[in-house]
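Residue numbers (my numbering): 135 to 244. Beta carbons are placed, not taken as given, at the ideal position from N, Cα and C, and that holds for glycine. Note that the structure is a prediction, hence the values are computed from the model and not measured. What follows is a single structure, written as structure tokens, with notes after it.
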């Protein structure tokens, strides 16, 4: 059986539990004591360019969020206006319905 495979313990009545073989991960190679990270001018420019690029992306995302919020607010207002118009139409319909019923009652012979 390969060493990297999982072994399963069948002692559990509910379900098998994986038991991984303990294989330590290799340690990273140590850096030499005189090692200092150096940045060239072009690397610094790349960092500045990438920061500017990220700032532009963040600004565009912000603008899109503002547009989305405004669009949503306009849609909510449009729906409220539509609901008010619908309620007015229902009120007029109830009024006409009651007028028709009253007219029919008064027209019936007694």
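Backbone CA spacing between residue i and residue j [nearest angstrom]
i	j	result
residue 197	residue 217	30 Å
residue 201	residue 208	10 Å
residue 226	residue 234	12 Å
residue 240	residue 220	30 Å
residue 135	residue 163	Only weak support is given to the placement of residue 135: the predicted model assigns it a pLDDT of 44, under 50, and the value that follows is read from those uncertain coordinates. Distance between the alpha carbons of residue 135 and residue 163 is about 31 Å.
Distance cut-off 7 Å: residue i Cβ against heavy atoms of the ligand COA
i	result
residue 215	In the structure shown, the ligand COA is absent, as is every other ligand, since no ligand is present at all.
Burial state of residue i, where buried means 16 or more other Cβ atoms lie within 10 Å
i	result
residue 146	The pLDDT assigned to residue 146 is 46, lower than 50, so where the model puts this residue is not dependable; a value taken from the coordinates is nonetheless given after this. It is exposed - the Cβ of residue 146 has fewer than 16 other Cβ atoms within 10 Å.
*What residue ranges within the segment 204-241 form continuous beta strand (DSSP E) runs of no fewer than 3 residues, ordered along the chain?*
Here no run is fully enclosed.
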